[in-house]
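So the structure is just underneath, and the comments pick up after that.
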Amino acid sequence: MTMLGISKGAIYNLKKELHELENSHEKEENPEEPPRRRTRSETTLPPRPSAQKRAHSRKSYASSSTTASATSLIPTPVSPLKKGHSERSKIILSEYAKDTIRLTVHLMLCQKEYPTVRKFLDRLLSLYEDFPVRSTMTLWRWMKRIGFKYRSVNKIKTPLDSTFYMAARSKYFREIQEIRDNNVIHYFHDESWTYQKEEKRFVWTDDEGAGRLRSILGKGSRLAINAILNDKGFHKPCIEIFKCDKYHSMDFQHFLDWLSLTCAELRVIHGKKPRICLILDNARWHFKESEETKVPKRGSRQLIL
Numbered sequence: 114m115t116m117l118g119i120s121k122g123a124i125y126n127l128k129k130e131l132h133e134l135e136n137s138h139e140k141e142e143n144p145e146e147p148p149r150r151r152t153r154s155e156t157t158l159p160p161r162p163s164a165q166k167r168a169h170s171r172k173s174y175a176s177s178s179t180t181a182s183a184t185s186l187i188p189t190p191v192s193p194l195k196k197g198h199s200e201r202s203k204i205i206l207s208e209y210a211k212d213t214i215r216l217t218v219h220l221m222l223c224q225k226e227y228p229t230v231r232k233f234l235d236r237l238l239s240l241y242e243d244f245p246v247r248s249t250m251t252l253w254r255w256m257k258r259i260g261f262k263y264r265s266v267n268k269i270k271t272p273l274d275s276t277f278y279m280a281a282r283s284k285y286f287r288e289i290q291e292i293r294d295n296n297v298i299h300y301f302h303d304e305s306w307t308y309q310k311e312e313k314r315f316v317w318t319d320d321e322g323a324g325r326l327r328s329i330l331g332k333g334s335r336l337a338i339n340a341i342l343n344d345k346g347f348h349k350p351c352i353e354i355f356k357c358d359k360y361h362s363m364d365f366q367h368f369l370d371w372l373s374l375t376c377a378e379l380r381v382i383h384g385k386k387p388r389i390c391l392i393l394d395n396a397r398w399h400f401k402e403s404e405e406t407k408v409p410k411r412g413s414r415q416l417i418l
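Quick note on our numbering: the sequence shown kicks off at 114 and runs consecutively.
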C-alpha cells in the first residue's frame with residue numbers, strides 16, 4: 114500500500130462506500146412494505162417453513178409477512194332485528210288525526226257511553242277505514258300524548274297489608290285448595306249494590322278534567338244483587354236483583370229464602386251424589402242469633418228480677 118501511495122484510511126472509506134452502495138441496490142430491488150396496524154378483521158396465518166428457518170437464523174420477524182387482511186373474505190355483520198319487530202315504520206299522527214280522536218271521545222261522552230280504548234278503536238276503524246292506528250296499545254299511547262288521562266274517581270282505601278288480613282287470607286286459600294283437591298263442586302257467593310245511574314271507578318278524561326258522566330238528578334234507585342259463580346262464570350238461574358234502600362237492603366230471612374231456592378236448584382242440576390259447597394263471606398245477615406245468645410233487653414231483665 115505504501116508502494117502505491119494509498120493509506121489505510123482511504124481503503125476503509127472505500128469499503129464503507131461500496132457497502133452502502135450494495136445496500137441501496139438491494140432496497141431498490143426489494144422494497145419493504147410499510148407496517149400495517151392489526152385489526153380485528155385480520156386473520157393471522159401460520160408462517161411457512163422457510164420463514165421459520167429465517168426467523169431462527171436471523172431472529173427477526175416481519176409483521177407484514179405474518180398477517181394478511183381478510184376484509185374481502187369476511188362478510189359485513191348485519192344488526193339483528195328485535196324479537197317480534199314487524200319492521201313497520203313509526204306511526205306519526207297528523208293534527209287532523211289527533212282531532213279525530215278527540216272528537217270521537219267527546220261524541221261517546223255526549224252519548225252517555227263510558228269510553229274504553231277498544232270502543233275508541235272500533236269506532237275509529239268503522240268511520241275511517243284507512244286510519245293509521247290499528248292496535249289498542251298504540252291508541253292508548255297516543256291518547257296519553259294528546260292529553261287524555263285514565264284515572265280513578267274512587268278514593269276508598271282497603272288495608273290489604275294488615276297482619277290480620279294476611280293470616281285470614283292464608284287460611285282461606287288453604288281451605289279452598291282442600292275443597293278443590295277433593296273434587297267438590299264449589300260456588301262462590303257474594304252480594305253487591307249498585308244504582309241505576311252508577312258511575313265507574315276509572316274513566317277517561319281530557320286535560321281539563323271533562324269526561325265523567327255525572328247525573329244531575331241523583332244516582333237513581335238502589336239495587337241489590339245476589340249471585341253465585343264458579344270457574345265457568347255466573348250461575349244465571351240463581352241471580353237475584355231487587356230494589357232496596359240504604360238501610361233495608363238485605364236481612365237474614367230474605368237471604369235464607371234465597372239460599373234455600375238456590376240449593377234446591379243446584380241439587381236438581383248436579384244430582385244427589387255429588388258434594389256441593391257454597392263459599393260465603395262473614396256478612397252480618399248470613400248469621401242469626403239464637404234465643405240463648407241474644408242480649409236481654411231492660412224489660413226482660415225486670416221480669417226476671
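All residues carry an ideal CB built from backbone N, CA and C; glycine is no exception.
Simplified DSSP assignment, three categories, for residue i
i	result
residue 393	coil
residue 122	helix
residue 129	helix
residue 182	Confidence is the limiting factor: at residue 182 the pLDDT is only 46, short of 50, which leaves the residue's position unreliable and the question unanswerable from this model.
residue 388	coil
residue 243	coil
residue 353	strand
residue 233	helix
residue 176	The pLDDT assigned to residue 176 is 45, lower than 50, so where the model puts this residue is not dependable, and the model offers no usable value.
residue 140	helix
Cβ-Cβ distance between residue i and residue j below 8 Å
i	j	result
residue 245	residue 204	yes
residue 332	residue 308	yes
residue 222	residue 228	yes
residue 230	residue 253	yes
residue 422	residue 389	The question about residue 422 has no answer, for the chain in this structure spans 114 to 418.
residue 369	residue 356	no
N-terminal and C-terminal residue of the beta strand (DSSP E) that residue i is part of
i	result
residue 288	Element bounds for residue 288: not the beta strand (DSSP E) but the alpha helix (DSSP H), 276-294.
residue 335	335-343
residue 306	298-308
Cα-Cα separation, residue i to residue j
i	j	result
residue 365	residue 304	13 Å
residue 168	residue 143	Since pLDDT at residue 168 reaches only 49, below the 50 mark, its modelled position is unreliable, and the value read off the structure follows with that caveat. Using only the alpha carbons, I get a separation of about 18 Å.
residue 247	residue 232	13 Å
residue 334	residue 243	44 Å
residue 174	residue 135	Confidence in residue 174 is poor, its pLDDT being 44 and thus under 50, which makes the residue's placement unreliable; the coordinate value appears in the next sentence. Between residue 174 and residue 135, the C-alpha separation is close to 23 Å.
residue 401	residue 350	26 Å
residue 398	residue 240	51 Å
residue 219	residue 237	13 Å
residue 138	residue 122	25 Å
residue 124	residue 133	14 Å
residue 126	residue 189	58 Å
residue 358	residue 264	30 Å
residue 129	residue 120	15 Å
residue 212	residue 347	41 Å
residue 352	residue 396	18 Å
residue 379	residue 297	13 Å
residue 207	residue 250	18 Å
residue 310	residue 226	12 Å
residue 276	residue 285	14 Å
residue 293	residue 387	13 Å
residue 367	residue 381	22 Å
residue 140	residue 131	15 Å
Residue i, enclosing alpha helix (DSSP H) - first and last residue
i	result
residue 223	208-223
residue 378	365-383
residue 259	249-259
Residue i: CB within 7 Å of a non-hydrogen atom of the ligand SAH
i	result
residue 264	As presented, the structure is devoid of all ligands, the ligand SAH included, so that no description of it is given.
Spell out a yes or no on whether the segment 273-291 and the segment 342-360 are touching, meaning 3 or more CB-CB pairs, one atom from each, closer than 8 Å.
Touching, no.
Do the segment 249-262 and the segment 274-284 make contact, defined as three or more Cβ pairs closer than 8 Å?
Flag = no, the segment 249-262 and the segment 274-284 do not touch.
Do the segment 400-407 and the segment 372-392 touch if we need at least three Cβ pairs shorter than 8 Å?
The segment 372-392 and the segment 400-407 do not touch, with fewer than three beta-carbon pairs separated by less than 8 Å.
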